[in-house]
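To keep things clear, I will list the structure first and then write my remarks on it.
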Amino acid sequence: MGQPATEADGSLALWVCNRCGWVYAPAEGDPTRRIPPLTAFERLPPDWSCPSCGADRDYFFH
Ligand SMILES: [Zn+2]
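Quick note on the working numbering: the sequence shown kicks off at 3 and runs consecutively.
Take a look at the structure:
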């Protein structure tokens with residue numbers, strides 16, 4: 003909201019879990035997994051999963 007996306011550094015688009023509806027907001031990161039803010043979804047660790055339901059990355063869409 004009002005923040006310019008840094009297109010060169012991957013996408014700051016929101017990603018939504020297809021199982022539980024949890025939203026990954028790159029601008030905020032994922033504090034529960036020690037993911038710092040401004041981490042694009044594409045740059046999350048391979049073993050990252052939904053903090054809400056545990057779905058792996060393949061379940062996310064945007
Ligand atoms: Zn989920």
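For each residue, glycine too, the CB sits at the ideal point set by N, CA and C. Treat the numbers as computed from the prediction; the structure is a model and nothing was measured.
| Item | Value |
| --- | --- |
| Per-residue burial, Cys19 [other beta carbons within 10 Å of its own, 16 or more giving buried] | buried |
| Same chain, Cβ closer than 8 Å to Phe62, neighbours up to 5 away in sequence not counted | Trp17, Val18, Cys19, Asn20, Tyr26, Phe43, Cys52 |
| Cβ neighbour criterion (16 or more within 10 Å) applied to Thr34 | exposed |
| For Cys55, the nearest candidate out of Asp49, Gly23, Leu14 (CA to CA) | Gly23 |
| Pro1 classed as buried or exposed, judged by whether at least 16 other C-beta atoms fall within 10 angstroms | Any property of residue 1 remains undetermined from this structure, which presents the chain solely from 3 to 64. |
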